[in-house]
Amino acid sequence: MTTSTRGAAKVPAVLVLEDGRTFRGRAYGAVGVTFGEAVFSTGMTGYQETLTDPSYHRQVVVMTAPHVGNTGVNDEDPESKRIWVSGYVVRDPARVPSNWRSRRSLDEELRHQGVVGISGIDTRALTRHLRESGAMRVGIFSGSALPDEGTMLAEVRQAPEMKGANLAAEVATKETYVVPAIGAKRFTVAAVDLGIKGMTPHRMAERGIEVHVLPATATAEDVYAVNPDGVFFSNGPGDPATADGPVAVMREVLARKTPSSASASATRSWAARSASAPTS
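Sequential numbering from 1 applies to the sequence shown in UniProt numbering.
Below you can see the structure in the form of structure tokens.
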């Protein structure tokens, strides 16, 4: 990713899909070039949580809601310490944020963290195209990073694919940490971090659960060392077919009949080992 943090409001930008379809708009956030897997989010609110969700690592997120950035950015809602998306696509960004918790605009935050985005395009048309064609590689180009369309398409097709990408270790905790139960402790849960959202263990803690958050590389022995009443496998980025370690832990948990729960990517990881490979 190559970026500049100068103002981007009037800088032309182009979004290029690997199947050759292009959308022209204006730069939003940092100016430059970025690549990733094109996906979409249909949430009407919660854009800050989406941006900071580790599950979106190396993905370019298209927002279907037409107006984004209305409430700015605050310091209470992030799901992690940084923005994880590779790129951001919106139709009509807010000119001036308005919310009592807002500390800065979304455009400022994207520029500060070097996230390349594009605005002023028909995001619903793009979403329909992705829904019908499936997730694919995409590039966003703006400013001095605007070569001819043939060159842009070639660069998109040379970008890394999500297939075969094992990304959990890039976003997960490196060491086990504990989130204590709030009030009387009722249960202990071992949470395998494949890209866990920050609020997940805290919401469990609010319900009297002591949460031991383990790295993505945790073994079954590591999980059972905390004497859990249940095991949770979080969501996360990358190709679920690469999750050999977590799947081995899942098999052991199921074999022992320990209560367990899994988020989206963890469920797809299991499916990839149990049936046909999942698709985005």
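Just so it is clear, CB atoms sit at the ideal spot from N, CA and C, and this is done for glycine as well.
{"query": "Whole-angstrom distance between G36 and E161, CA atom to CA atom", "result": "8 Å"}
{"query": "Beta-carbon contacts of R124 that lie in its chain and below 7 Å, excluding the five residues immediately before and after", "result": "T64"}
{"query": "CB of residue 290 within 7 Å of CB of R111, strictly", "result": "Missing from the structure shown is residue 290; the chain here goes from 1 to 280 and no further."}
{"query": "Residue 286: first and last residue of the uninterrupted alpha helix (DSSP H) it sits in", "result": "For residue 286 there is no data in the structure shown, the boundaries of the chain being 1 and 280."}
{"query": "L167 - DSSP class collapsed to helix/strand/coil", "result": "coil"}
{"query": "Coil, strand or helix - E109 by DSSP", "result": "helix"}
{"query": "Simplified DSSP assignment, three categories, for E132", "result": "helix"}
{"query": "Supposed close pair L130, G238 - CB separation, criterion 8 Å", "result": "Contact doesn't hold; Cβ gap of about 19 Å is too wide."}
{"query": "DSSP three-state assignment for S276, whether helix, strand or coil", "result": "Residue confidence for S276 is low, a pLDDT of 47 falling below 50, so the modelled location carries little weight; the figure read from the coordinates is stated next. In the structure shown, S276 sits in coil (DSSP, three-state: anything other than H, G, I, E or B)."}
{"query": "Span of the beta strand (DSSP E) around E210", "result": "209-214"}
{"query": "Touching by the beta-carbon criterion (3+ pairs, under 8 Å), the segment 113-121 and the segment 20-38", "result": "yes"}
{"query": "Identified DSSP bridge partners for D92", "result": "H67"}
{"query": "With 16 other Cβ atoms within 10 Å as the buried cut-off, status of residue 281", "result": "Given a span of 1 to 280 for the chain in the structure shown, any question on residue 281 remains unanswerable."}
{"query": "Cβ distance (whole Å) where V61 is taken to contact V138 below 8 Å", "result": "Going by Cβ atoms, the distance from V61 to V138 rounds to 10 Å, so no, they are not a contact pair."}
{"query": "Limits of the alpha helix (DSSP H) - the one that L153 falls within", "result": "149-158"}
{"query": "Beta-carbon proximity list for E76, same chain, < 8 Å, skipping 5 on both sides", "result": "R101"}
{"query": "According to DSSP, residues forming a beta bridge with E37", "result": "Q59, R137"}
{"query": "Reduced DSSP secondary structure (H/G/I, E/B, other) of T5", "result": "Low confidence applies here, because T5 scores a pLDDT of 47, under 50, leaving its location unreliable and the question unanswered by this model."}
{"query": "Sub-7 Å separation of V178 and A218 beta-carbons", "result": "no"}
{"query": "One or two residues paired with V116 in a DSSP bridge", "result": "G29, G87"}
{"query": "Residues sharing a beta bridge with L17, DSSP", "result": "V138"}
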